[in-house]
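Take a look at the structure set out below.
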Amino acid sequence: MAYNLRVPGPCAEPIDAQTRYCAVYGFPVKHSASPAMHNAALPILGLNWRYLAFEVEPAKLRPAIEGAQSMGFIGLNLTVPHKLLAVEMVDALDESARDFGAVNTIRFEGKDAGGHWLPLSELPQGAHEVRSHGFNTDAEAVTRAIREDLGLDLQGASVILLGAGGAGRTAALKLAAEGVGRLSLVNRTREKADDLANEIRRRAPRTKVLVGYPDGNVDLVLNATSLGLKPDDSLPYSETEFAFKSSMAVYDMIYRPAQTPFLKQAKQAGCRVANGLGMLLYQGARALELWTGKPAPVAAMRQALQAHMDSHG
Ligand code: ATR
3 MAYNLRVPGP CAEPIDAQTR YCAVYGFPVK HSASPAMHNA ALPILGLNWR YLAFEVEPAK
63 LRPAIEGAQS MGFIGLNLTV PHKLLAVEMV DALDESARDF GAVNTIRFEG KDAGGHWLPL
123 SELPQGAHEV RSHGFNTDAE AVTRAIREDL GLDLQGASVI LLGAGGAGRT AALKLAAEGV
183 GRLSLVNRTR EKADDLANEI RRRAPRTKVL VGYPDGNVDL VLNATSLGLK PDDSLPYSET
243 EFAFKSSMAV YDMIYRPAQT PFLKQAKQAG CRVANGLGML LYQGARALEL WTGKPAPVAA
303 MRQALQAHMD SHG
């Protein structure tokens, strides 16, 4: 048995008949760092809760959500490939989930005597009518990570976004909603970038959107492609069309490996850089706040995440 001595903090109470549960569902899920992050936070908040991970096939997502709901789970996180599927499966959708068309957090809620839906953490355990309420905490996490980990003010900023898949779309819509001045979308499949550009023009007309590399000043380059996950991946940008400058902030949504060749190049050019660990942290911190109603112990969660990455590679 290996004990992790690098994450000090209060010990969890033993599991007993009053222990409450949260979980992440994914397919696959075995690399998830969420249990480490949340189980470090729960005892700090004085909660006799545990956070579990389940590998759930997409075809079984609906009964798996219903099962957790029936068993009094506090909430769920959903990861690849469940986030889009779950939009159709929850009883209520928060604006955040509606805006981005994806659910990464479910909060189970019970009806109180006055007919109001409250998080289960605010109700005594027992018989309630329970519903599932879907939220999206990923989008908020993108901009929080850029602000806090790179110290960048997004208002009026000029941004190059690499990638127009699911993660790229969420980032683009959130950046535009936060008032970035110019958004340049670069994607292997040009039509996807065109479609996304049109969506942003409709939803955030104040942001100037173009497809391709921009001329002039760039404040932030954000990698939302999957390039860099594998050791022999090519770079996510074209070196003939673009070069890093030391004034730029550079964010890679990838956190495993901790330093992709893209981030390494940016760092060598003197840019401020951060990897996607912050995004993972902040989406988890917000989910925990939705479940508990208490501020998340972000520093301890970051430390637990880092320790998990260090020991699992
Ligand atoms: P996610 O949900 O993580 O965003 P995704 O929707 O599959 O996953 O998107 C992956 C992104 O990485 C896309 O922008 C994809 O480009 P395409 O839209 O052209 O598919 C990009 N990507 C993946 N593999 C790539 C490769 N070999 N070269 C260039 N871009 C790649």
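For the sequence shown, our numbering begins at 3 and goes up steadily by one. C-beta atoms are modelled at their ideal positions from N, C-alpha and C, and glycine is treated no differently. In this text the structure is predicted, and so the values were computed from the model without any measurement.
C-alpha distance - residue i paired with residue j, whole-angstrom precision
{"i": "L212", "j": "I256", "result": "24 angstroms"}
{"i": "D235", "j": "S228", "result": "9 angstroms"}
{"i": "R52", "j": "C24", "result": "6 angstroms"}
{"i": "R163", "j": "L187", "result": "Residue 163 is actually Leu in this sequence, not Arg. The alpha-carbon atoms of L163 and L187 are separated by roughly 5 angstroms."}
{"i": "P299", "j": "M39", "result": "10 angstroms"}
{"i": "P297", "j": "R184", "result": "33 angstroms"}
{"i": "K62", "j": "F110", "result": "19 angstroms"}
{"i": "L279", "j": "E180", "result": "21 angstroms"}
{"i": "E150", "j": "G167", "result": "24 angstroms"}
{"i": "H314", "j": "D140", "result": "23 angstroms"}
{"i": "G214", "j": "N189", "result": "8 angstroms"}
{"i": "P37", "j": "V26", "result": "8 angstroms"}
{"i": "T145", "j": "A94", "result": "25 angstroms"}
{"i": "N6", "j": "M311", "result": "Because N6 sits at a pLDDT of 48, beneath the cut-off of 50, its placement in the model cannot be relied upon, and the point is left open."}
Boundaries (first-last residue) of the beta strand (DSSP E) holding residue i
{"i": "N79", "result": "G77 to L80"}
{"i": "E57", "result": "W51 to E57"}
{"i": "A2", "result": "The question about residue 2 has no answer here: the residues shown for the chain are numbered 3 through 315."}
{"i": "K113", "result": "T107 to K113"}
{"i": "N225", "result": "L222 to N225"}
{"i": "K210", "result": "K210 to V213"}
{"i": "P121", "result": "W119 to P121"}
{"i": "S134", "result": "V132 to F137"}
Endpoints, the alpha helix (DSSP H) within which residue i is located
{"i": "V300", "result": "V300 to H314"}
{"i": "L43", "result": "According to the sequence as given, residue 43 is Ala; it is not Leu. That run of the alpha helix (DSSP H) goes S36 to I46."}
{"i": "G168", "result": "G168 to A179"}
{"i": "S160", "result": "Where S160 is concerned, there is no enclosing alpha helix (DSSP H), although the beta strand (DSSP E) it sits in stretches over S160 to L164."}
{"i": "R190", "result": "That residue, R190, is in no alpha helix (DSSP H); it is neither H nor E in DSSP."}
{"i": "V144", "result": "D140 to L152"}
{"i": "F102", "result": "E97 to F102"}
{"i": "G69", "result": "L63 to S72"}
Short Cβ contact (9 angstroms threshold) for residue i with residue j
{"i": "G136", "j": "V89", "result": "yes"}
{"i": "V252", "j": "L224", "result": "yes"}
{"i": "A14", "j": "K32", "result": "no"}
{"i": "L87", "j": "I148", "result": "no"}
{"i": "D18", "j": "N50", "result": "yes"}
{"i": "A35", "j": "L282", "result": "yes"}
{"i": "A226", "j": "A42", "result": "no"}
{"i": "E142", "j": "L175", "result": "no"}
{"i": "G153", "j": "H130", "result": "no"}
Proximity test, Cβ basis, 9 angstroms: residue i and chain D
{"i": "F29", "result": "Protein chains in the displayed structure number just one, and chain D is not present."}
Inset, instruction - Give a yes or no on contact between the stretch 147-167 and the stretch 59-76, applying the rule of three or more CB pairs nearer than 8 angstroms. - result: no
Inset, instruction - Flag this pair as touching only if the stretch 296-313 and the stretch 107-122 have three or more C-beta atom pairs under 8 angstroms; answer yes or no. - result: no
Legend entry - Runs of beta strand (DSSP E) wholly within the stretch 267-292 (minimum 3 residues, chain order): 274-276
Legend entry - Segment contact, 8 angstroms Cβ cut-off, at least three pairs: the stretch 193-207 with the stretch 233-248: no
Inset, instruction - Count the CB pairs spanning the stretch 268-275 and the stretch 37-53 that are closer than 8 angstroms, and state whether there are at least three. - result: no
Inset, instruction - Could you tell me whether the stretch 94-103 touches the stretch 257-266, where touching means 3 or more Cβ pairs closer than 8 angstroms? - result: no
Legend entry - Contact between the stretch 187-199 and the stretch 127-142 (3+ Cβ pairs under 8 angstroms): The stretch 187-199 and the stretch 127-142 do not touch, with fewer than 3 CB-CB distances between them shorter than 8 angstroms.
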